[in-house]
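In full-length UniProt numbering, the protein residues as written are 1 to 115. One structure is given below, encoded as structure tokens.
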């Protein structure tokens with residue numbers, strides 16, 4: 001079982017476009033650092049640094065496949081970020097809907113129809 005992800009660490013990790021590119025590269029299947037570096041266009045050293053940040057944020061996990069060390073997306077970490085962000089949508093969407101409806105009311109108040 002993994003520890004509860006730290007949302008602050010996760011959001012800071014996701015703020016970097018290179019780290020988002022790395023997550024995108026490994027979203028379908030685990031890859032070794034060399035392959036990730038090639039896909040995202042970074043050096044292996046820089047890629048390893050970013051993978052470390054992502055791992056500490058709970059967004060990636062290292063897995064062994066024989067003698068190879070592969071990196072994969074940690075879906076629990078991403079689920080925690082999504083859950084955190086999802087808390088904002090119902091409130092914001094209902095406020096947006098109310099604002100749009102309020103804006104549209106004066107246009108339709110005169111009973112005019114266009115057609």
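Using N, Cα and C, we set each Cβ at its ideal position, and we do this for glycine too. If you're wondering where the values come from, they're calculated on a predicted model, not measured in any experiment.
Inter-residue Cα distance where the pair is residue i and residue j
i	j	result
residue 49	residue 85	26 angstroms
residue 57	residue 29	19 angstroms
residue 40	residue 70	16 angstroms
residue 172	residue 90	In this structure the chain extends from 1 to 115, so residue 172 is not present and cannot be described.
residue 77	residue 98	33 angstroms
residue 45	residue 18	13 angstroms
residue 102	residue 95	10 angstroms
Residue closest to residue i, alpha-carbon to alpha-carbon, out of the options
i	options	result
residue 37	83, 28, 31, 47	47
residue 27	54, 73, 42	73
Chain D within 8 angstroms of residue i, Cβ atoms only
i	result
residue 43	As a matter of chain content, chain D is missing from the structure shown, which is built from one protein chain.
Outcome for residue i when other beta-carbon atoms lying within 10 angstroms are tallied against a minimum of 16
i	result
residue 54	buried
residue 59	buried
residue 10	buried
Same chain, Cβ closer than 6 angstroms to residue i, five either side skipped, listed in chain order
i	result
residue 104	none
Residues near residue i by beta carbon distance below 7 angstroms, same chain, minus five either side
i	result
residue 34	44
- Item | Continuous alpha helix (DSSP H) assignments of at least 4 residues falling wholly in the UniProt domain "HTH arsR-type" (1-92) | 7-14, 17-25, 33-40, 44-56, 75-86
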